[in-house]
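As structure tokens, the structure follows; a few thoughts come after it.
In full-length UniProt numbering, the protein residues as written are 1 to 282.
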């Protein structure tokens, strides 16, 4: 019987383990997620911890709860070194502790990514996404191929959510890099523009409207060739998101968590589900 089903024992401690950041906005955003999880699980002890940069680190936290059942829930979007090495090592000495799955890939994260992209377009006063645009999902990157597979799968899920192709790019340790992905997207837009130019001069029918646009509203002239849009597959603001914003893209969205914004319920759902699944497997 899983430990969460026994009325004689308290539920396992939930160790919400994030990567860690020096950026106060990222710290605030992750703290808000942990608080939302705590509100969702009254009666469960929910403790925040980190694998890097911030303290107390995971080893210190697992020592604090050494006498209790505990589940480490990675607040990470893919499973790589931190999940398979750092977190696994931290619980290796205690049979009462276990590590849950990373948050992604999951279709619910794709829904949040799509929402952030739509918000970015709206904030920029830009037209909705069109078939001419190219979307690049930007992840932090990992040398662990399993993390790369997770990110590629996430790009596929975002593609299904947006109903158009999405390519993946990485900010470190994996290829393609963000500059290379941007160059490839620009080149594809140029190729498509060149291929369609003769036909466009002879067309007399009305071009199809962008997805989500009001019929007859049209595009801005400077958007006619297509834009490169960045969907950061990042949990919170910080160093990596700063690099996304500095890239030469037409529009760059916010990460999944925004410092002063509402916590997406999809993220809370995922943390709670992964906690319960790992606890029930004990």
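Glycine included, each C-beta is placed from N, C-alpha and C at the ideal position. Just so we're clear, the structure is a prediction, and the values are computed from it rather than from any experiment.
Compare the Cα-Cα distances from residue 74 to each of 280, 273, 282 and report the closest residue.
-> What you label residue 74 is simply residue 74 of the chain shown in a count that begins at 1. If we check each option's Cα against that of residue 74, 273 comes out closest.
Identify whether residue 97 lies in helix, strand or coil by the three-state DSSP scheme.
-> Here residue 97 refers to the residue found at position 97 of the chain shown. Strand.
Secondary structure at residue 83, three-state DSSP: helix, strand or coil?
-> Position 83 of the chain shown holds residue 83. Note: residue 83 maps to helix in three-state DSSP.
Excluding the 5 residues preceding and the 5 following residue 236 in the sequence, name in chain order all residues of the same chain whose CB lies nearer than 6 angstroms to its CB.
-> Within the chain shown, residue 236 is the residue found at index 236, counting from 1. For residue 236, where only same-chain residues beyond five positions count, the Cβ hits under 6 angstroms are 26, 29, 30, 255, 257.
Are the beta-carbon atoms of residue 155 and residue 168 separated by less than 8 angstroms?
-> In the chain shown, the residue the question calls residue 155 occupies position 155. In the chain shown, the residue the question calls residue 168 occupies position 168. Yes, the pair counts as a contact, with Cβ atoms nearer than the cut-off.
Exposed or buried, residue 124, counting other C-beta atoms within 10 Å across all chains shown (16 or more means buried)?
-> The count along the chain shown starts at 1 and reaches residue 124 at position 124. Label assigned to residue 124: exposed.
Do you know how far the Cα of residue 63 is from the Cα of residue 160?
-> Here residue 160 refers to the residue found at position 160 of the chain shown. Here residue 63 refers to the residue found at position 63 of the chain shown. Cα to Cα, the separation comes out at about 43 angstroms.
Give me the Cα-Cα distance between residue 116 and residue 61, rounded to the nearest whole angstrom.
-> Here residue 116 corresponds to residue number 116 of the chain shown, with the count starting at 1. Here residue 61 corresponds to residue number 61 of the chain shown, with the count starting at 1. Distance between the alpha carbons of residue 116 and residue 61 is about 33 angstroms.
DSSP three-state call for residue 256: helix, strand or coil?
-> Counting from 1 along the chain shown, the entry for residue 256 is found at position 256. In this structure, residue 256 counts as coil in the three-state DSSP scheme.
Helix, strand or coil: which one does DSSP assign to residue 235?
-> For the purposes of this step, residue 235 is identified with residue 235 of the chain shown, where counting begins at 1. Residue 235 falls in the coil class under three-state DSSP.
Contact the stretch 130 to 150 vs the stretch 67 to 85: 3+ CB pairs below 8 angstroms | Touching, yes.
Does DSSP put residue 62 in a helix, in a strand, or in coil?
-> Here residue 62 corresponds to residue number 62 of the chain shown, with the count starting at 1. If DSSP states are grouped into helix, strand and coil, residue 62 belongs with the helices.
Minimum C-alpha distance to residue 268 - residue among 39, 53, 279 = Here residue 268 refers to the residue found at position 268 of the chain shown. The residue with the shortest Cα to Cα distance from residue 268 is 39.
Over what stretch of residues does the alpha helix (DSSP H) that includes residue 24 continue unbroken?
-> Numbered from its first residue, the chain shown carries residue 24 at position 24. Looking at the DSSP string, the run of the alpha helix (DSSP H) that includes residue 24 is 24 to 40.
Within its chain, find whatever has a CB closer than 8 angstroms to the CB of residue 243; leave out the 5 residues flanking it on each side and keep chain order.
-> Reading the chain shown from its first residue, position 243 is the one you call residue 243. Excluding sequence neighbours, residue 243 sits near 171, 178.
Residues in its own chain within less than 6 angstroms of residue 132 by CB, not counting five upstream and five downstream?
-> In the chain shown, counting from the first residue as 1, residue 132 sits at position 132. Closer than 6 angstroms at the Cβ level, and outside the excluded window around residue 132, lie 226.
Thinking C-beta only, is residue 68 closer than 8 angstroms to residue 13?
-> Counted from its first residue, the chain shown places residue 13 at position 13. Counted from its first residue, the chain shown places residue 68 at position 68. Yes, Cβ-Cβ distance for residue 13 and residue 68 is below 8 angstroms.
Can you name, in chain order, every residue of its own chain whose Cβ lies under 8 angstroms from the Cβ of residue 136, other than the five neighbours on each side?
-> Indexing the chain shown from 1 puts residue 136 at position 136. Closer than 8 angstroms at Cβ, skipping near neighbours: 166, 167, 168, 169, 178, 181, 182, 185, 228, 229, 230, 231, 249.
Just reading off the alpha helix (DSSP H) that residue 115 is part of, what are its end residues?
-> On the chain shown, residue 115 is found 115 positions in, with the first residue counted as 1. Segment 107 to 123, the alpha helix (DSSP H) holding residue 115.
Return the residue from the list 66, 52, 71, 22 that minimises the CA-CA distance to residue 46.
-> Residue mapping note: residue 46 aligns to position 46 of the chain shown, counting from 1. Minimum Cα distance to residue 46 is reached at 71.
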